[in-house]
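Engineer: In the order they appear, the protein sequences are chains A and B.
In terms of my numbering, the first sequence opens at residue 1 and continues consecutively.
In terms of my numbering, the second sequence opens at residue 489 and continues consecutively.
Sharing a structure here in structure tokens format.
2 protein chains.
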Amino acid sequence: MKAAIVGGGVIGGGWAARFLLNGWDVAVFDPDPEAERKIAAVLSNARAALPLLSDTGLPAEGRLTFPATLAEAVTGADYIQESVSERLDLKHRVLAEIQKANPTAPIGSSTSGFKPSELQQGALNPATIFVAHPFNPVYLLPLAEIVPSPASSPDFIAQVQETLRGIGMFPLHIRKEIDAHIGDRLLEALWREALWLVHDGIATTEEIDEVIRMSFGLRWAQMGLFETYRIAGGEPGMKHFMAQFGPALAWPWTKLMDVPPFDDALVDLIAGQSDAQSGHHSIRELERIRDGNLVAFLRALKDRDWGAGRVFNDHDRRLAAAAPAAPVQQNPMVTARMVVLPSWIDYNGHMTESRYLFAGSQTIDAFLAKIGAGLDYVAAGKSYYTAESHIRHLDEAKAGEGLSGSVQVLAADDKRLHVWISLTRDRDGVEVATIEQMLLHVAMAEGRTCPADPQVLATLSPIAAAHADLPRPEHAGRHVGQRKPIPA
Amino acid sequence: MKAAIVGGGVIGGGWAARFLLNGWDVAVFDPDPEAERKIAAVLSNARAALPLLSDTGLPAEGRLTFPATLAEAVTGADYIQESVSERLDLKHRVLAEIQKANPTAPIGSSTSGFKPSELQQGALNPATIFVAHPFNPVYLLPLAEIVPSPASSPDFIAQVQETLRGIGMFPLHIRKEIDAHIGDRLLEALWREALWLVHDGIATTEEIDEVIRMSFGLRWAQMGLFETYRIAGGEPGMKHFMAQFGPALAWPWTKLMDVPPFDDALVDLIAGQSDAQSGHHSIRELERIRDGNLVAFLRALKDRDWGAGRVFNDHDRRLAAAAPAAPVQQNPMVTARMVVLPSWIDYNGHMTESRYLFAGSQTIDAFLAKIGAGLDYVAAGKSYYTAESHIRHLDEAKAGEGLSGSVQVLAADDKRLHVWISLTRDRDGVEVATIEQMLLHVAMAEGRTCPADPQVLATLSPIAAAHADLPRPEHAGRHVGQRKPIPA
Chain A
1 MKAAIVGGGV IGGGWAARFL LNGWDVAVFD PDPEAERKIA AVLSNARAAL PLLSDTGLPA
61 EGRLTFPATL AEAVTGADYI QESVSERLDL KHRVLAEIQK ANPTAPIGSS TSGFKPSELQ
121 QGALNPATIF VAHPFNPVYL LPLAEIVPSP ASSPDFIAQV QETLRGIGMF PLHIRKEIDA
181 HIGDRLLEAL WREALWLVHD GIATTEEIDE VIRMSFGLRW AQMGLFETYR IAGGEPGMKH
241 FMAQFGPALA WPWTKLMDVP PFDDALVDLI AGQSDAQSGH HSIRELERIR DGNLVAFLRA
301 LKDRDWGAGR VFNDHDRRLA AAAPAAPVQQ NPMVTARMVV LPSWIDYNGH MTESRYLFAG
361 SQTIDAFLAK IGAGLDYVAA GKSYYTAESH IRHLDEAKAG EGLSGSVQVL AADDKRLHVW
421 ISLTRDRDGV EVATIEQMLL HVAMAEGRTC PADPQVLATL SPIAAAHADL PRPEHAGRHV
481 GQRKPIPA
Chain B
489 MKAAIVGGGV IGGGWAARFL LNGWDVAVFD PDPEAERKIA AVLSNARAAL PLLSDTGLPA
549 EGRLTFPATL AEAVTGADYI QESVSERLDL KHRVLAEIQK ANPTAPIGSS TSGFKPSELQ
609 QGALNPATIF VAHPFNPVYL LPLAEIVPSP ASSPDFIAQV QETLRGIGMF PLHIRKEIDA
669 HIGDRLLEAL WREALWLVHD GIATTEEIDE VIRMSFGLRW AQMGLFETYR IAGGEPGMKH
729 FMAQFGPALA WPWTKLMDVP PFDDALVDLI AGQSDAQSGH HSIRELERIR DGNLVAFLRA
789 LKDRDWGAGR VFNDHDRRLA AAAPAAPVQQ NPMVTARMVV LPSWIDYNGH MTESRYLFAG
849 SQTIDAFLAK IGAGLDYVAA GKSYYTAESH IRHLDEAKAG EGLSGSVQVL AADDKRLHVW
909 ISLTRDRDGV EVATIEQMLL HVAMAEGRTC PADPQVLATL SPIAAAHADL PRPEHAGRHV
969 GQRKPIPA
């Protein structure tokens with residue numbers, strides 16, 4: 001698949017990064033001689049951040065080209081995104097040129113303010129032009145506001161949404177076109193009020209930023225305005241909240257209704273305060289700080305399958321479904337396939353010690369699920385607890401590498417399960433660790449061992465019997481510091 | 489120290505929780521017969537969330553009382569917070585009654601809209617009345633807008649800020665009083681625009697919430713409005729951003745300037761949409777989801793010492809400085825004190841298997857730092873790598889419990905370090921795990937063993953010599969599945 005990115009600033013670069021890192025070939029057109037450098041900077045940020053949010057591994061990166069002409073860039077493209085400057089005459093000229101070379105591909109516009117019907121004026125094929133308005137940084141924030149005019153068919157817009165879901169976005173279909181769509185309407189309202197507060201000397205830019213990030217900013221990263229207020233209304237709910245706070249709308253907080261004088265004095269005041277607040281960081285540093293924070297939030301939301309985190313989980317599921325299933329080895333049994341995540345890495349850049357045991361736990365948990373002693377069994381009050389483990393750290397693993405975990409049953413009776421876990425690196429099959437473990441079957445409420453349920457033993461026994469024929473691992477039974485393996 | 493909380497709704501309950509969990513005694517007065525139940529609900533949420541954000545452990549909880557009269561509640565209080573309904577005549581009456589019983593204590597008002605000079609009208613002692621406006625959930629969000637009138641002295645306000653920092657808040661001094669202070673000004677502007685969008689059928693409450701939490705909500709949880717836009721301006725900075733986006737202020741997005749008709753039809757529309765969006769969760773469930781998300785964000789920001797996370801780290805440092813230093817045991821050497829964090833807990837509610845090894849790593853890392861082989865040593869290219877570990881899982885640990893890690897050196901030469909780590913639960917001294925480890929000293933670039941630097945060995949040797957006199961741990965040298973310890 002090929003995407004064409006027309007206009008290569010921070011926004012165009014973010015779109016290019018999203019498509020590239022999801023396996024699309026990308027052709028960028030921008031007459032600015034600096035475009036290639038600017039795109040490279042955005043791409044470098046994106047490559048440092050987006051893969052950290054994938055638990056399945058992203059597809060191989062596509063090919064990035066910078067054709068000399070607009071026509072060359074858009075020819076053969078399956079999707080085109082326009083992100084040129086916010087002037088309607090310029091957008092009309094660019095859209096006409098695009099459609100001369102490629103009259104049928106979907107053309108999303110990154111416009112913050114224009115309506116799709118305005119963009120479509122005089123177009124060769126108005127039906128394929130729509131607004132796809134993203135938010136900076138485009139490679140991390142999932143939202144794209146998809147605003148069609150009535151000229152575009154519902155099927156066409158549904159297909160566009162599917163394309164953008166394919167690059168991990170959250171394409172929200174806005175059903176009525178208005179100036180500035182939805183997000184920028186909300187932002188503009190708040191921005192205007194903030195300018196007044198600075199203008200009137202009530203607060204500095206830094207104080208306003210602290211107010212936001214120490215309070216409602218944290219709320220809005222995971223619930224929006226209405227869901228947050230629904231909670232504030234308490235048990236009586238939204239009507240109660242409205243009754244309590246609605247009347248304040250009519251109070252004379254008049255600055256809300258007015259436009260502050262946007263003159264040099266205001267610009268200088270704000271730019272000066274912003275320098276005092278953030279000038280000790282370069283823009284590049286601020287980008288890295290921001291992206292690190294966003295990645296951490298998004299990982300937290302992924303763990304909880306909530307909000308923007310669910311978008312990333314859905315993307316993982318889509319990628320996993322598209323990937324060919326790896327064949328599973330039976331003896332010893334490969335039960336887990338894992339990707340080394342950034343949070344598994346220590347200050348040396350390698351997988352941290354305790355994560356070897358974590359990968360072993362994942363492997364055993366999957367084995368237990370296979371023999372019918374998974375989460376449901378635990379919920380019913382019984383579980384296998386690990387009594388002791390011996391780990392041999394044999395080789396390293398880096399972020400993004402695939403690991404496979406296999407289990408060999410060394411011995412099993414109705415209460416005990418003695419296993420040998422081997423963790424291997426997928427790229428070269430090298431064994432990075434072995435873990436020998438003794439697990440005891442426990443009645444959790446009583447906190448003591450008891451025999452496993454018959455159906456668990458019925459599944460476990462034939463596996464144990466089959467594994468009894470495998471050679472015993474050379475290092476089984478080893479203690480720490482032992483010079484040679486114990487003779488069999 | 490004693491705090492009096494006057495008005496016991498969701499906001500008053502949040503204040504009560506903050507003071508109580510930071511070791512203050514709290515007296516709540518609210519004539520509502522439901523007040524005790526409501527406060528208990530908020531407290532239960534707070535107890536489930538706030539301790540998860542402390543790495544030092546919070547002080548012992550204070551005593552909560554519900555005196556029968558306002559006078560009894562405020563008598564002897566060192567700090568008083570008023571959170572009654574948003575009616576000026578009521579607030580005047582309550583403030584007068586408070587000052588009759590306690591004319592000198594600071595009285596913060598949770599008012600969203602009133603100016604401190606309005607609250608002070610007719611007061612016995614105007615100078616001790618000020619606005620301390622928090623954000624829901626008060627027990628998690630750090631911001632308190634502190635707005636004094638000119639009647640209050642700067643020293644007095646500085647003292648109030650110090651008190652609120654002592655309960656983990658971020659008290660921002662707002663230097664000019666205006667209606668609704670700062671946060672609610674910004675919220676009101678956005679809220680008004682959101683009402684228009686629903687009123688005009690552009691978007692539903694759910695769509696507006698998605699727009700916020702999929703885009704700028706994530707940005708604002710860690711940087712505010714101006715710092716975010718500074719980045720958007722790129723290298724040319726804030727002036728460039730202003731030049732680009734300032735003029736749009738004058739565009740005719742007129743809805744911003746107007747008040748939507750706040751009638752039953754609008755209330756019904758919004759309440760209905762909100763039911764459709766969130767009605768499948770109870771308010772209680774939404775609170776838990778929200779708090780879980782906020783805790784995860786705040787932990788991520790703590791790890792990065794950024795934004796609201798830094799407030800929690802500062803609070804930890806303050807608590808650690810105030811706590812008497814625990815005596816450090818030398819033989820074996822206690823090197824690490826840890827708190828079991830929520831992310832260490834598995835589906836059984838206990839510390840997950842791999843975190844025992846993690847706690848062991850923390851213990852050994854601190855030991856290595858003590859012998860001069862810490863992060864600087866690693867940065868210079870040498871390190872101790874763990875070759876193998878044997879773990880005995882002996883007992884359980886729950887979130888919030890303190891653990892201590894001690895090290896006994898079993899043997900050491902210039903390349904090898906054989907240690908015995910014991911992890912004990914602070915509350916009862918029970919050993920929850922032992923870890924026997926062999927570490928090898930490695931030249932990292934070459935990836936092979938080499939002798940440790942002389943100054944490291946010079947520090948290590950006397951410790952090893954001292955530990956040689958300790959009894960050898962009974963289970964040292966044990967292998968997995970061994971029935972009895974190896975005879976010494």
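Even glycine gets a Cβ: it sits at the ideal position worked out from N, Cα and C.
Chain B beta carbons: is any one of them nearer than 8 Å to that of I208(A)?
Structural biologist: In the first sequence, counting from the first residue as 1, residue 208(A) sits at position 208. Yes, because at least one Cβ of chain B sits closer than 8 Å to the Cβ of I208(A).
Engineer: When you compare only the Cα positions, how much space is there between L53(A) and Q569(B)?
Structural biologist: The count along the first sequence starts at 1 and reaches residue 53(A) at position 53. The count along the second sequence starts at 1 and reaches residue 569(B) at position 81. Rounded to the nearest angstrom, the two C-alpha atoms are 43 Å apart.
Engineer: Can you say whether G429(A) is buried or exposed, counting buried as having 16 or more other CB atoms within 10 angstroms of its CB?
Structural biologist: Residue mapping note: residue 429(A) aligns to position 429 of the first sequence, counting from 1. The residue in question, G429(A), is exposed, as its Cβ has fewer than 16 Cβ neighbours within 10 Å.
Engineer: Just to confirm the assignment, what range does the alpha helix (DSSP H) spanning S274(A) have?
Structural biologist: Numbered from 1 along the first sequence, position 274 holds the residue referred to as residue 274(A). 264 to 278 is the span of the alpha helix (DSSP H), which, as asked, contains S274(A).
Engineer: Run the CB neighbour count on S842(B), radius 10 Å, all protein chains shown included, and call it buried at 16 or more, exposed below.
Structural biologist: Reading the second sequence from its first residue, position 354 is the one you call residue 842(B). So S842(B) ends up on the buried side.
Engineer: Taking buried to mean at least 16 other C-beta atoms within 10 Å of its own C-beta, is L845(B) buried or exposed?
Structural biologist: Along the second sequence, one-based indexing puts residue 845(B) at 357. So L845(B) counts as buried.
Engineer: So who's on the other strand from V513(B), going by DSSP bridges?
Structural biologist: Taking the first residue of the second sequence as 1, we reach residue 513(B) at position 25. Rather than Val, the amino acid found at residue 513(B) in this sequence is Asp. Paired residue(s): K490(B).
Engineer: If you drop the 5 nearest sequence neighbours on each side, which residues of the same chain put their C-beta closer than 6 Å to that of Q437(A)?
Structural biologist: Stepping through the first sequence from its first residue, residue 437(A) is reached at position 437. Taken in chain order, the residues that qualify are T386, S389, V419.
Engineer: When the Cα atoms are used, what is the spatial distance from F19(A) to V442(A)?
Structural biologist: Along the first sequence, one-based indexing puts residue 19(A) at 19. Along the first sequence, one-based indexing puts residue 442(A) at 442. Taking the straight line joining both Cα atoms gives about 50 Å.
Engineer: Could you work out which residue in G279(A), L172(A), A194(A) is closest to I670(B) when comparing CA atoms only?
Structural biologist: Residue numbering aside, residue 670(B) sits at position 182 when the second sequence is read from its first letter. It is A194(A) whose Cα lies nearest to the Cα of I670(B).
Engineer: Hey, V6(A) and A16(A) are a contact pair by Cβ (cut 8 Å); roughly how many whole angstroms apart?
Structural biologist: Along the first sequence, one-based indexing puts residue 6(A) at 6. Along the first sequence, one-based indexing puts residue 16(A) at 16. Not a contact, Cβ separation roughly 11 Å.
Engineer: In whole angstroms, give me the CA-to-CA distance for Q761(B) and G233(A).
Structural biologist: Position 273 of the second sequence, counting from 1, holds the residue named residue 761(B). Position 233 of the first sequence, counting from 1, holds the residue named residue 233(A). Using only the alpha carbons, I get a separation of about 15 Å.
Engineer: Within this structure, are the beta carbons of K579(B) and T553(B) separated by less than 8 Å?
Structural biologist: Numbered from 1 along the second sequence, position 91 holds the residue referred to as residue 579(B). Numbered from 1 along the second sequence, position 65 holds the residue referred to as residue 553(B). The answer is no: Cβ separation not under 8 Å.
Engineer: What residues in the stretch 305 to 316 of chain A bring their beta carbon closer than 8 Å to a beta carbon of chain B?
Structural biologist: Going along the stretch 305 to 316 of chain A in chain order, one finds W306, G307, A308, V311 with a Cβ nearer than 8 Å to chain B.
Engineer: So which residues of chain A does V759(B) contact, with C-beta pairs closer than 8 Å?
Structural biologist: To locate residue 759(B), count along the second sequence from 1; it is residue 271. One detail in the question is off: residue 759(B) reads as Ala in this sequence, not Val. Ordered by position in chain A, the residues that pass the 8 Å Cβ test against A759(B) are G237, M238, K239, M242.
Engineer: Residue ranges of each beta strand (DSSP E) run of no fewer than 3 residues wholly in the stretch 583 to 631 of chain B, ordered along the chain?
Structural biologist: Taking only runs of at least 3 residues, the beta strand (DSSP E) segments lying wholly in the stretch 583 to 631 of chain B are 595 to 597, 617 to 622.
Engineer: Find the residues of chain A that neighbour V458(B), judging by a C-beta separation of less than 9 Å, and give them in chain order.
Structural biologist: Lying outside 489 to 976, the shown extent of chain B, residue 458(B) is not represented and no answer is given.
Engineer: Any Cβ of chain A within less than 8 Å of the Cβ of V755(B)?
Structural biologist: As a first step, residue 755(B) must be located in the second sequence, where it is residue number 267. Chain A, which has a Cβ nearer than 8 Å to the Cβ of V755(B), makes this yes.
Engineer: Cβ of A868(B) less than 8 Å from any chain A Cβ?
Structural biologist: Here the question's residue 868(B) lines up with position 380 in the second sequence. A868(B) does not count as touching chain A.
Engineer: If you draw a straight line from the alpha carbon of W253(A) to that of E889(B), how long is it in whole angstroms?
Structural biologist: For the purposes of this step, residue 253(A) is taken as residue 253 along the first sequence, with counting starting at 1. For the purposes of this step, residue 889(B) is taken as residue 401 along the second sequence, with counting starting at 1. With a pLDDT of only 47 at W253(A), under 50, the local geometry of the prediction cannot be trusted, and no value is derived from it.
Engineer: How many Å lie between S640(B) and I499(B) at the Cα?
Structural biologist: Counting from one through the second sequence, the residue named residue 640(B) turns up at place 152. Counting from one through the second sequence, the residue named residue 499(B) turns up at place 11. Each residue's Cα considered, the two are about 24 Å apart.
Engineer: What residues from chain B crowd round S552(A), counting only those whose CB sits closer than 8 Å?
Structural biologist: Residue 552(A) is absent from the structure shown; chain A starts at 1 and stops at 488.
Engineer: By DSSP, does T459(A) sit in helix, in strand, or in coil?
Structural biologist: Taking the first residue of the first sequence as position 1, residue 459(A) is located at position 459. Three-state result, T459(A): helix.
Engineer: Three-state secondary structure (DSSP) at T693(B)?
Structural biologist: As a position in the second sequence, residue 693(B) is number 205, starting the count at 1. Looking at T693(B) - three-state DSSP - the assignment turns out to be helix.
Engineer: Give, in chain order, every residue of the stretch 653 to 676 of chain B whose Cβ lies closer than 8 Å to some Cβ of chain A.
Structural biologist: Going along the stretch 653 to 676 of chain B in chain order, one finds F658, L660, I662, R663, K664, I666, D667, A668, I670, G671, R673, L674, L675, E676 with a Cβ nearer than 8 Å to chain A.
Engineer: My output table needs one value for R448(A): the three-state DSSP class, helix, strand or coil.
Structural biologist: Along the first sequence, read from residue 1 onward, the residue named residue 448(A) stands at position 448. DSSP places R448(A) in strand when its eight states are reduced to three.
Engineer: The stretch 941 to 974 of chain B: which residues have C-beta closer than 7 Å to a C-beta of chain A, in chain order?
Structural biologist: If the cut-off is 7 Å between Cβ atoms, the stretch 941 to 974 of chain B has G965, R966, H967, V968, G969 near chain A.
Engineer: Give every residue of the same chain whose Cβ lies closer than 6 Å to the Cβ of D793(B), excluding the five residues on either side of it in the sequence, and list them in chain order.
Structural biologist: To locate residue 793(B), count along the second sequence from 1; it is residue 305. Hits under 6 Å: N801.
Engineer: Verify the CB distance criterion: does Q497(A) have a CB-CB separation below 8 Å to chain B?
Structural biologist: Absent from the model: residue 497(A). The displayed extent of chain A is 1 to 488, so no value can be given.
Engineer: Are A537(B) and A296(A) touching if we call contact CB-CB under 8 Å?
Structural biologist: Within the second sequence, numbered from 1, the residue matching residue 537(B) stands at position 49. Within the first sequence, numbered from 1, the residue matching residue 296(A) stands at position 296. Cβ atoms of A537(B) and A296(A): not closer than 8 Å.
Engineer: Sort R535(B), R772(B), E884(B), L757(B) by Cα distance to D688(B) and report the nearest one.
Structural biologist: One-based indexing of the second sequence puts residue 688(B) at position 200. The shortest Cα separation from D688(B) among R535(B), R772(B), E884(B), L757(B) belongs to L757(B).
Engineer: From L218(A) to L225(A), what distance separates their C-alpha atoms?
Structural biologist: As a working note, residue 218(A) is residue 218 in the first sequence. As a working note, residue 225(A) is residue 225 in the first sequence. Near 12 Å, if we compare the C-alpha coordinates of L225(A) and L218(A).
Engineer: Consult DSSP for A867(B) and reduce its assignment to one of helix, strand or coil.
Structural biologist: For this step, residue 867(B) is matched to residue 379 along the second sequence. In this structure, A867(B) counts as helix in the three-state DSSP scheme.
Engineer: Would a C-beta distance cut-off of 8 Å place V490(A) and V147(A) closer than the cut-off?
Structural biologist: No answer is possible for residue 490(A): the residues shown for chain A start at 1 and end at 488.
Engineer: Could you work out which residues of chain A lie near I879(B), taking near to mean beta carbons separated by less than 7 Å?
Structural biologist: Translated into positions along the second sequence, residue 879(B) becomes position 391. The answer, in chain order, is E388, S389.
Engineer: Would you kindly report the start and end of the unbroken alpha helix (DSSP H) that includes L674(B)?
Structural biologist: Within the second sequence, the letter at position 186 stands for residue 674(B). Its alpha helix (DSSP H) spans residues 671 to 687.
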